[in-house]
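Chemist: Numbering (my numbering) for the sequence shown: -7 to 130.
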Amino acid sequence: MTHPDFNSILRLCLKKYNVCICTNGSFLNEKKMNSDFEKILLSLRPSKTRTVSVANATDASALKSLSHAHKIGFVNAILCGNKSEIKSVAEQNNIDISDFDIIHCDDELSAAAMAVSLVKNSRADILMKGLIHTADIL
């Protein structure tokens, strides 16, 4: 997995709390399951929202995961990369990135350098790989 997506994180959380989901997607008590899920999310919510710096944030999966995590109070984000491409990907996939800062970078390598420098200079807490080769971000 290149970067965490929300469903994978959810599965890990459910496993941690020994919550079982039927393979056909049904629940014996769906209302209770929704309530339990909300309790799990509340218990996992950090006391301080973390800021994620994304290198070349033109990946729809990364943007979708960040948007969802932001809506439930886990993260804020600084998106590094070509500003028009980032906005285009978000628009094409109906992803709300209006609360995120975008730092325009001309190419993938400068986006990686910027994302890393944001973490190094304590403007962000977490570095996330967007649509960029792993070797380029390392």
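The C-beta atom is built at its ideal place from N, Cα and C for all residues, glycine as well.
Please read these numbers as outputs of a predicted model, since none were measured by experiment.
1) Per DSSP, K121 is paired with what?
2) Does the Cβ-Cβ distance between I124 and D93 come in under 9 Å?
3) In whole angstroms, what separates the C-alpha of K79 from that of L34?
4) DSSP three-state label for L130, please.
5) Would a C-beta distance cut-off of 9 Å place I32 and L55 closer than the cut-off?
6) By Cβ distance, which residues of its chain are closer than 6 Å to G73, with the 5 residues on each side in sequence left out?
7) Roughly how many whole angstroms lie between the Cα atoms of K75 and I95?
8) Can you give me the C-alpha to C-alpha distance between K112 and S39, rounded to a whole angstrom?
9) CA-CA distance, L110 and V81?
10) State the DSSP-derived secondary structure class of I78, mapped to helix, strand or coil.
11) Can you tell which of D117, M106, V67 and I118 has the C-alpha that lies nearest to the C-alpha of D128?
Modeler: Taking the coordinates as given:
1) A47
2) no
3) 30 Å
4) coil
5) no
6) N48, A49, T50, C97 and A103
7) 7 Å
8) 22 Å
9) 23 Å
10) helix
11) M106
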